[in-house]
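Position 228 of the sequence shown, counting from 1, maps to 228 under the UniProt record's numbering, and the rest follow consecutively. By construction, the Cβ of each residue, glycine as well, lies at the ideal position given by its N, Cα and C atoms. These figures come from a predicted structure and were not determined experimentally. Beneath this line is the structure, given in structure tokens, with notes to follow.
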Amino acid sequence: MTARLDYGWRLFATGMSFVVFGICGLLFSILAYPLACLWPHAASRQRAVTTLIHWFFRALVAALQWTGVMELDLQGIARLRASGPAIVVANHPTYLDVMVLLALTPSACCVVKSAHWGNPCFWGIVRAAAYVSNADPVEFVEDCSRQLAAGKTMIIFPEGTRSPAPNRLHAFSRGFAYIALNAGAPIVPVLMNCDPPAFTKEMRWYHVPARPFRISVSVLDPVGVERLDIHDAPPALAARSVTNAIEKHITQHLFEYGFFKT
Numbered sequence: 001m002t003a004r005l006d007y008g009w010r011l012f013a014t015g016m017s018f019v020v021f022g023i024c025g026l027l028f029s030i031l032a033y034p035l036a037c038l039w040p041h042a043a044s045r046q047r048a049v050t051t052l053i054h055w056f057f058r059a060l061v062a063a064l065q066w067t068g069v070m071e072l073d074l075q076g077i078a079r080l081r082a083s084g085p086a087i088v089v090a091n092h093p094t095y096l097d098v099m100v101l102l103a104l105t106p107s108a109c110c111v112v113k114s115a116h117w118g119n120p121c122f123w124g125i126v127r128a129a130a131y132v133s134n135a136d137p138v139e140f141v142e143d144c145s146r147q148l149a150a151g152k153t154m155i156i157f158p159e160g161t162r163s164p165a166p167n168r169l170h171a172f173s174r175g176f177a178y179i180a181l182n183a184g185a186p187i188v189p190v191l192m193n194c195d196p197p198a199f200t201k202e203m204r205w206y207h208v209p210a211r212p213f214r215i216s217v218s219v220l221d222p223v224g225v226e227r228l229d230i231h232d233a234p235p236a237l238a239a240r241s242v243t244n245a246i247e248k249h250i251t252q253h254l255f256e257y258g259f260f261k262t
């Protein structure tokens, strides 16, 4: 009986969290976004909006922990804040990865799927925060480079969508590598894991696991592109080499940390 009550409570708390998230996103798009557009200085507006998003997600993560829905295990998080402008590159096992990383990174800009720019819960947020769309590859690299030059940390999931299976990644796209080569910014690899699996590509929000899920975030040492063996390679070849090296680096550490099983 206790286990059934615990499951029912976590199912209810999970549903309420999604409802709160959706309502807050919608209200922001309807009310706050028009007011933000009146803000005269674009840089300070973005700083204010990204700070608001950061604290909102911190509160949501804290609520999920307090209600017993989620546990959080963090390693090396200081690297997210001490490295200066950087490109955070993470694997993407669960729907909550973006929320967790934005909650952990005070001054962050995020790459958002072009489809979300028309989503009623997201369109105002992504515009006010000056997040970057992945619709146009050339503009994508230029926009991300500008954000890095302005002191922002870019959060990118190079798989493009949630991982296909617990022990497998989608092939990494090269966008982050072009950005690193263009802006000269370090790449900060981040390992994400969710045990037991929750909010994966195949699961609905109501597929709550039998026990609280634990999201583990492990931030590895920054990798400078100058450390990689690219020499004077053409941009396309250099980007492919950087992408392959970071994908291999992250995959190897996912096994070493026990997040992937052999």
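**Request:** Could you check which residue in 24, 78 and 72 has the C-alpha nearest to that of residue 53?
**Result:** Reading the sequence shown from its first residue, position 53 is the one you call residue 53. Considering only 24, 78 and 72, the residue with the shortest C-alpha distance to residue 53 is 24.
**Asked** Under three-state DSSP, which class holds residue 213?
**Response** For this step, residue 213 is matched to residue 213 along the sequence shown. It is a strand residue.
**Message:** What would DSSP say about residue 193, mapped onto helix, strand or coil?
**Reply:** The residue labelled residue 193 in the question sits at position 193 within the sequence shown. Strand, per DSSP.
**Request:** Taking residue 246 as the reference, give the member of 163, 4 and 176 with the closest Cα.
**Result:** Position 246 of the sequence shown, counted from the start, is the residue given in the question as residue 246. Comparing Cα-Cα distances from residue 246 to each of 163, 4 and 176, the minimum goes to 176.
**Request:** Let me know if residue 46 comes out buried or exposed under the rule of 16 or more other beta-carbons within 10 Å of its beta-carbon.
**Result:** Counted from its first residue, the sequence shown places residue 46 at position 46. Result: buried.
**Message:** Taking DSSP's pairing of strands, which residues face residue 88 in a bridge?
**Reply:** Start at 1 with the first residue of the sequence shown, and residue 88 comes out as number 88. The partner list for residue 88 (beta bridge, DSSP) reads 155 and 188.
**Message:** For residue 244 and residue 152, what's the separation of their Cα atoms in angstroms?
**Reply:** Indexing the sequence shown from 1 puts residue 244 at position 244. Indexing the sequence shown from 1 puts residue 152 at position 152. Computed Cα separation, rounded: 25 Å.
**Prompt:** How big is the Cα-Cα spacing for residue 103 and residue 218?
**Reply:** For the purposes of this step, residue 103 is taken as the residue at position 103 of the sequence shown. For the purposes of this step, residue 218 is taken as the residue at position 218 of the sequence shown. Going by the C-alpha atoms only, they are around 14 Å apart.
**Asked** Buried or exposed: which applies to residue 130, given that a residue is buried once 16 or more other Cβ atoms fall within 10 Å of its Cβ?
**Response** Taking the sequence shown and counting its residues from 1, the one referred to as residue 130 is at position 130. Counting Cβ neighbours within 10 Å, residue 130 comes out buried, since at least 16 surround it.
**Request:** Just the C-alpha distance for residue 206 and residue 199, rounded to the nearest angstrom, thanks.
**Result:** For the purposes of this step, residue 206 is identified with residue 206 of the sequence shown, where counting begins at 1. For the purposes of this step, residue 199 is identified with residue 199 of the sequence shown, where counting begins at 1. Approximately 9 Å, taken between the alpha carbons.
**Message:** Taking its Cβ as the centre, do 16 or more other Cβ atoms sit within 10 Å of residue 192, making it buried, or is it exposed?
**Reply:** Sequence index remark: in the sequence shown, residue 192 carries index 192 (1-based). So residue 192 counts as buried.
**Asked** Helix, strand or coil for residue 162 per DSSP?
**Response** Here residue 162 corresponds to residue number 162 of the sequence shown, with the count starting at 1. Taken through DSSP and simplified to helix, strand or coil, residue 162 comes out as coil.
**Message:** Taking the beta strand (DSSP E) that residue 24 belongs to, which residues open and close that run?
**Reply:** Mapped onto the sequence shown, residue 24 falls at position 24. For residue 24, there is no enclosing beta strand (DSSP E); the enclosing alpha helix (DSSP H) covers residues 2-27.
**Asked** Per DSSP, what kind of secondary structure is residue 71 in: helix, strand or coil?
**Response** Here residue 71 corresponds to residue number 71 of the sequence shown, with the count starting at 1. Per DSSP, reduced to three states, the secondary structure at residue 71 is strand.
**Asked** If you check the beta carbons only, do residue 187 and residue 72 fall under 8 Å apart?
**Response** As a first step, residue 187 must be located in the sequence shown, where it is residue number 187. As a first step, residue 72 must be located in the sequence shown, where it is residue number 72. In this structure, residue 187 sits away from residue 72, with a CB-CB distance that is not shorter than 8 Å.
**Prompt:** Taking the alpha carbon of residue 160 as the point to measure from, which residue in 145, 89 and 119 has its own alpha carbon closest?
**Reply:** The count along the sequence shown starts at 1 and reaches residue 160 at position 160. For the residues 145, 89 and 119, the minimum Cα distance to residue 160 belongs to 89.
**Prompt:** Mind checking residue 92: buried by the 16 CB within 10 Å criterion, or exposed?
**Reply:** As a first step, residue 92 must be located in the sequence shown, where it is residue number 92. By the 10 Å Cβ count, residue 92 comes out buried.
**Message:** Considering Cα atoms alone, identify which of 213, 183, 105 and 233 is closest to residue 80.
**Reply:** For the purposes of this step, residue 80 is taken as the residue at position 80 of the sequence shown. Measuring C-alpha to C-alpha distances from residue 80 to each of 213, 183, 105 and 233 identifies 105 as the nearest.
**Item:** Whole-number beta carbon distance between residue 109 and residue 50, since they are thought to touch under 8 Å
**Value:** For the purposes of this step, residue 50 is taken as residue 50 along the sequence shown, with counting starting at 1. For the purposes of this step, residue 109 is taken as residue 109 along the sequence shown, with counting starting at 1. At roughly 7 Å, the Cβ-Cβ gap stays under 8 Å, so residue 50 and residue 109 are in contact.
**Prompt:** Using CA coordinates, which residue listed in 180, 158 and 223 is at the minimum distance from residue 145?
**Reply:** The count along the sequence shown starts at 1 and reaches residue 145 at position 145. Nearest to residue 145 by alpha-carbon distance, out of 180, 158 and 223, is 180.
**Asked** Between the Cα of residue 112 and the Cα atoms of 155, 74 and 76, which residue gives the shortest distance?
**Response** For the purposes of this step, residue 112 is identified with residue 112 of the sequence shown, where counting begins at 1. Of 155, 74 and 76, the residue nearest in Cα terms is 155.
**Message:** Quick check: what's the CA-CA separation for residue 77 versus residue 223?
**Reply:** Within the sequence shown, numbered from 1, the residue matching residue 77 stands at position 77. Within the sequence shown, numbered from 1, the residue matching residue 223 stands at position 223. Between the C-alpha atoms of residue 77 and residue 223 there is a straight-line separation of about 16 Å.
**Request:** Compute the distance between the beta-carbons of residue 67 and residue 3, then report whether it is under 8 Å.
**Result:** On the sequence shown, residue 67 is found 67 positions in, with the first residue counted as 1. On the sequence shown, residue 3 is found 3 positions in, with the first residue counted as 1. Contact flag unset, no.
**Request:** Would you kindly work out how many angstroms separate the C-alpha atoms of residue 120 and residue 29, rounded to a whole number?
**Result:** Locating residue 120 in the sequence shown gives position 120, counting from the first residue. Locating residue 29 in the sequence shown gives position 29, counting from the first residue. Taking the straight line from one Cα to the other gives about 7 Å.
**Request:** Leaving out five residues on either side along the sequence, give the residues of the same chain with a beta carbon under 7 Å from the beta carbon of residue 266.
**Result:** With the chain covering only 1 through 262, there is no way to say anything about residue 266.
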